[in-house]
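S.K.:
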Amino acid sequence: MAQARLLMQLLQCEFDELEQLIHVAETRWLERCARRDGEFHRPPDSLQRFRERIAEVQKLMENLRTRFLDG
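Residue numbering for the sequence shown follows my numbering, starting at 7 and increasing by one per position.
(1) Would Leu53 pass as a contact of Ile28 if the rule is Cβ separation under 9 Å?
(2) How is Arg38 classed by DSSP in three states: helix, strand or coil?
(3) Considering only C-alpha positions, which residue in the set Leu16, Glu20, Gln15 is nearest to Glu58?
(4) With DSSP as the reference, label His29 as helix, strand or coil.
(5) Quick one: give me the first and last residue of the alpha helix (DSSP H) that Leu75 is part of.
In structure tokens:
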């Protein structure tokens with residue numbers, strides 16, 4: 007149980023860091039798009055990787071919570 011809580015804290019830290027990285031990447035991407043006068047621009051690959059990783063972390067946290075911390 008203590009290990010599950012520790013892992014949950016580590017995952018929460020990673021989640022928070024990823025959210026910050028996503029925010030920075032989105033802001034930079036939108037600024038680049040705005041400077042190019044409305045041309046369509048594909049989001050950077052790094053942004054997609056951050057989003058995929060955050061989905062993995064969310065799934066791990068939910069599984070951990072369900073299996074070890076709820077009830």
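Even for Gly, the Cβ is constructed at its ideal location relative to N, Cα and C.
M.R.: On the basis of the data shown:
(1) yes
(2) helix
(3) Glu20
(4) helix
(5) Here Leu75 belongs to no alpha helix (DSSP H), and DSSP marks it neither H nor E.
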